[in-house]
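*Asks:*
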Amino acid sequence: PYMLERAEIMRGPVSVLYGKSSPGGLLNMVSKRPTTEPLKEVQFKAGTDSLFQTGFDFSDALDDDGVYSYRLTGLARSANA
2 PYMLERAEIM RGPVSVLYGK SSPGGLLNMV SKRPTTEPLK EVQFKAGTDS LFQTGFDFSD
62 ALDDDGVYSY RLTGLARSAN A
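According to the working numbering, the sequence shown is numbered sequentially starting from 2.
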């Protein structure tokens, strides 16, 4: 997914480490974190079945010291499926 930095799959019983969970495993979804370096990404996609998709990902520091930063991501999709 566009708004995730990574997805970690832990197989088997992991309740000893993470509390109550299913015996099959655990999926840990890690969100994108703000960066102090400027990031400006915009994407446009088109495909079959009238698929249109656009996304954006912006991040930067809010102050000169890099103590405060922000990250703004978004995704929109339209299709005739």
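For glycine and all other residues, C-beta sits at the position ideal for the given N, C-alpha and C. Quantities reported herein were computed from a predicted structural model and do not represent experimental measurements.
Tell whether a beta-carbon distance below 8 Å holds between F57 and E42.
*Replies:* Yes, Cβ-Cβ distance for F57 and E42 is below 8 Å.
*Asks:* Return the first residue and the last residue of the beta strand (DSSP E) that D58 is part of.
*Replies:* Element bounds for D58: 52–62.
*Asks:* Tell me the rounded alpha-carbon separation between M11 and N29.
*Replies:* Going from the Cα of M11 to the Cα of N29 covers about 8 Å.
*Asks:* Under a three-way DSSP split, which group does Y71 fall into?
*Replies:* Residue state, collapsed to three classes: strand.
*Asks:* Pick out whichever of A8, K46, P39, A47 has its Cα sitting closest to the Cα of L73.
*Replies:* Among A8, K46, P39, A47, the Cα nearest to that of L73 belongs to P39.
*Asks:* If I measure Cβ to Cβ from T36 and keep anything under 6 Å in the same chain, skipping five residues before and after, which residues do I get?
*Replies:* Result list for T36: S60, in chain order.
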